Amino acid sequence: MSSSEGLILSIQMVTDDGIEVGDELAHGPIRLMADLLYLKRAYNLSDESVCEHWAQNVYFQYFCRGEYFQPRLQCDQTNLVRFRQVLGEAGVEELLAMTIAVAADMKVVAPEEFKRVIVDTTV
């Protein structure tokens, strides 16, 4: 099992109580929701904004494993809100920790990069 598959299985365990996690959903919307949550946090976007950006930005779609440009998102911001509520704050933090662990396992991020934090306070 790859690191990214392990991440999806962990997300399924976190979401078992509130979101249906059948085979189709495990590789579709749950993964998409996790990707959208990451983009939302990374770019400091609202739920509505991240959905709009996804529909207009081929890079967002590629990040979310899109194979070709799609002018409309498969879900809307209410799905994203529900997913985040089911995860809860602890689940979102766990998702971030798992994302960092997967990046380290895949050697996308070098261990030295975790030794210091750079805080940009530019307003």
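Quick note: to get the numbering used here, add 932 to the position in the sequence shown (first position is 1).
Glycine included, each C-beta is placed from N, C-alpha and C at the ideal position.
If you're wondering where the values come from, they're calculated on a predicted model, not measured in any experiment.
Quiz prompt | Inter-residue Cα distance where the pair is I962 and W986 | solution = The sequence position of residue 962 within the sequence shown is 30, counting from 1. The sequence position of residue 986 within the sequence shown is 54, counting from 1. Taking the Cα positions, I962 is about 16 Å away from W986.
Quiz item: Going by the CB atoms, is the gap between D1052 and V1013 shorter than 7 Å?
Solution: The sequence position of residue 1013 within the sequence shown is 81, counting from 1. The sequence position of residue 1052 within the sequence shown is 120, counting from 1. Taking a C-beta distance under 7 Å as the contact criterion, V1013 and D1052 do not qualify as a contact pair.
Practice problem: Determine, using beta carbons only, whether V982 and L968 come nearer to each other than 7 Å. | Solution: Sequence index remark: in the sequence shown, residue 982 carries index 50 (1-based). Sequence index remark: in the sequence shown, residue 968 carries index 36 (1-based). Taking 7 Å as the Cβ cut-off, V982 and L968 qualify as a contacting pair.
Quiz item: Secondary structure at G998, three-state DSSP: helix, strand or coil?
Solution: Position 66 of the sequence shown, counting from 1, holds the residue named residue 998. If DSSP states are grouped into helix, strand and coil, G998 belongs with coil.
Self-check item: L1028 vs C996 beta-carbon contact at 7 Å
Solution: Counted from its first residue, the sequence shown places residue 1028 at position 96. Counted from its first residue, the sequence shown places residue 996 at position 64. Contact flag unset, no.
Quiz item: Are the beta-carbon atoms of F992 and L971 separated by less than 7 Å?
Solution: Here residue 992 is taken as the residue at index 60 of the sequence shown, counted from 1. Here residue 971 is taken as the residue at index 39 of the sequence shown, counted from 1. Inclusion of F992 and L971 in the CB contact set at 7 Å is warranted, their separation being smaller than that value.
Quiz prompt | Proximity to Q929 [Cα-Cα], best of G1020, M1030, Q988 | solution = No information on residue 929 is available, as it lies outside the stretch 933 to 1055 that the chain covers here.
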